[in-house]
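Shown next, in structure tokens, is the structure this report addresses.
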């Protein structure tokens, strides 16, 4: 008899059971700014950079066109600066991938060793018509697992990809209940960092589960562009807030707001 596939709830429970008690990284505590290495300075990078610098974080933009990175950085001075992709990867306490998905294989070669085991927040979305073979692979196997294979040492978290940047710009810090954004990953400290960045951008983080569950909120998934509050999004994903990451974040938010 073929093995039964685990449910989403079982995947999340397995992740929680596999994690050590939550060791909350000091760099992600309320009021403590992060240094964010932004790989990409287009619409996605600019939108997130604006939200994070507004919250007091420092951002280094990078792009193939250094002039574009400088333009973005000047808009958010003095909390933003421009650099090469290598400099941004080294600068960041967390590194953000904000480029077309088809660029990730080359970036894995270029900055993978610099990123090391840092939180690597993948906000990209794969499309077969644009991103070729790697885009089709990510759509089939899930972008979370595919990105992890390209950055094997990194603490990959999928987040901020479930909604269009225009939606995020319009819905940030809306009157509660706030817009909820799902995240998925396998490293608890990286998930905690991503959760704080979601919060500081003006949204509610929702833990979807391990990286394999990120497929649920990539293009074609049921939670892609769902535009829901946290309660409704958890219902759609089949999860609850009773997991180490969501519990720890809720406790810190309550103490830091």
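In the working numbering, the protein residues as written are 124 to 380.
Positions of the beta carbon are idealized from the N, C-alpha and C atoms, including for glycine.
- Scanning the segment 306-365 from its first residue to its last, the whole alpha helix (DSSP H) runs of 4-plus residues come out as 311-323, 353-360.
- Looking at the DSSP output, residue 162 bridges to 185, 220.
- With 16 or more other Cβ atoms from the protein chains shown falling within 10 Å of its own Cβ, residue 271 counts as buried.
- In the DSSP assignment, the residues bridged to residue 204 are 183.
- In terms of Cβ geometry, residue 305 and residue 328 form a close pair [threshold 9 angstroms].
- Taking 8 angstroms as the upper bound for CB-CB distance, residue 266 and residue 287 are not in contact here, some 16 angstroms apart.
- In the DSSP assignment, residue 245 forms a beta bridge with 220, 281.
- Taking a contact to require three or more Cβ pairs closer than 8 angstroms, the segment 182-192 and the segment 331-347 do not qualify as touching.
- Listed as beta-bridge partners of residue 174 by DSSP are no residues whatsoever.
- Remark: fewer than three beta-carbon pairs, one from each stretch, lie closer than 8 angstroms, so the segment 224-233 and the segment 199-206 are not flagged as touching.
- Taking a contact as a CB-CB distance under 8 angstroms, the pair residue 215 and residue 160 counts as one, their CB atoms being some 3 angstroms apart.
- For the options 275, 253, 221, 163, the alpha carbon positioned closest to that of residue 231 is the one of 275.
- Annotation for residue 263: the continuous alpha helix (DSSP H) segment containing it runs 251-264.
- For residue 240, no alpha helix (DSSP H) run applies, since DSSP gives it neither H nor E.
- When the alpha-carbon of residue 173 is set against those of 313, 239, 247, 293, the nearest one is in 293.
- In terms of Cα proximity to residue 320, the closest of 219, 205, 166, 252 is 219.
- Residue pairing from DSSP places residue 303 in a beta bridge opposite 327.
- Spanning the alpha carbons of residue 341 and residue 284 requires a straight line of approximately 7 angstroms.
- For residue 277, the closest C-alpha among the options 313, 250, 261 is that of 313.
- Rounded to the nearest whole angstrom, the C-alpha separation of residue 257 and residue 364 is 33 angstroms.
- In the three-state reduction of the DSSP assignment, residue 214 falls in the helix class, which pools H, G and I.
- Where residue 290 is concerned, the enclosing alpha helix (DSSP H) starts and stops at 288-294.
- The criterion of a C-beta distance shorter than 9 angstroms is satisfied by residue 164 and residue 192.
- Annotation: residue 360 to residue 346 spans about 7 angstroms, alpha carbon to alpha carbon.
- Nearest C-alpha to residue 188 among 375, 207, 308, 358: 207.
- Between the alpha carbons of residue 349 and residue 295 lies a distance of about 15 angstroms.
- Within the model, the alpha-carbon separation for residue 236 versus residue 370 is close to 32 angstroms.
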